[in-house]
Every structure is written in structure tokens, then in C-alpha cells.
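In mature numbering (1 follows the signal peptide of the UniProt record, and there is no 0), the protein residues as written are -20 to -1, 1 to 100. Take a look at the structure set out below.
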Amino acid sequence: MKYMWVLVAAITLTFAPAIANTPFDHLQIDNERCNLVQSGSRNQSVVWEGRSEIGMCHVVVPVEEFSRTYSHCALSGVLGDSGPVMCEFGYSDRERTKVFFLAKPKNVCQFVCVKHPPKG
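Written out as C-alpha cells, the structure is:
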């Protein structure tokens, strides 16, 4: 068991500089206007606009447009006050030509999206 902790520490120290230098954005869904926005911008910094369908906010982006800025995203936070909570990120079609961000009303859905490393 002691050796396992040493291995974990060694791996963490090896990858920590690369992780620390990875550019990323914190994004969340603004359910009022149904947009994907920069977290902490008071819903003013719109990344992509969405639309309300079936009582949920859907932000759908072509993969080509998404890939200009980000390599990938993951759900990083969910907050709901009552009832079922629903937040999603993924492909919206079988051909994988579009990605989507989804939130149910009254839920705060946050995502972390990794940017492409700067060229140079």
C-alpha cells in the first residue's frame, strides 16, 4: 500500500506542470436566455446561443465550430433546487457532426472546456 502512494505521488508530480498550463474555460447555461456563457460573467459573455425545446435549454454547435476553440468539454458542476436534475454534454447526432449542451430549467449546469494549446 505504501508503494501505491509513492506511485500516485510520482505520477501527480510528473503531470502537474502539464495540467497547470492547460488553458480552459468554465462555461454554464443561462436558462433565462438559453445561452452558453462564461461562468462568472453574469450571463453577459455569450459563447453560443441556444434555444428552448421540450422545456429544456439546448445549445447545439457544429463540431467544426466547436473544434476551432475547444478540444473537449466535461460536466463540472450541477445545482438543482428540487426535483430531478438534468445537465448533459455530448454529440447530438449519430454522425457526430454536432455537440450539445443541455440544461433543465432551474438547474445550474457548469462545464469545463479545454482549449487547444497555443500554437508557437
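Ideal placement from N, C-alpha and C gives every residue a C-beta, glycine not left out.
Residues that DSSP places opposite residue i in a beta bridge
i, result
"Ser32", "Cys37"
"Pro85", "DSSP output for Pro85 lists no bridge partner at all."
Proximal residues to residue i (C-beta, below 8 Å), its chain only, five neighbours per side dropped
i, result
"Val92", "Phe4, Asp5, His6, Leu7, Cys53, Ala54, Ser56"
"Gly30", "Ile9, Cys14, Asn15, Leu16, Cys37, His38, Val39, Val40, Phe81"
"Phe69", "Cys53, Ala54, Leu55, Val79, Phe80, Phe81, Leu82, Phe91"
Where residue i falls: helix, strand or coil (DSSP)
i, result
"Lys95", "strand"
"Glu44", "helix"
Spatially closest choice to residue i from the options, by CA coordinates
i, options, result
"Asp61", "Glu75, Lys95, Cys89", "Cys89"
"Pro97", "Val58, Ser47, Pro85, Lys86", "Ser47"
"Gln24", "Ser32, Asn11, Gly35", "Asn11"
Own chain, CB closer than 6 Å to residue i, minus 5 neighbours either side, in chain order
i, result
"Pro42", "Lys78"
"Val65", "Val58, Asn87"
Own chain partners of residue i with C-beta closer than 7 Å, once the 5 adjacent residues on each side are dropped
i, result
"Thr2", "Val94"
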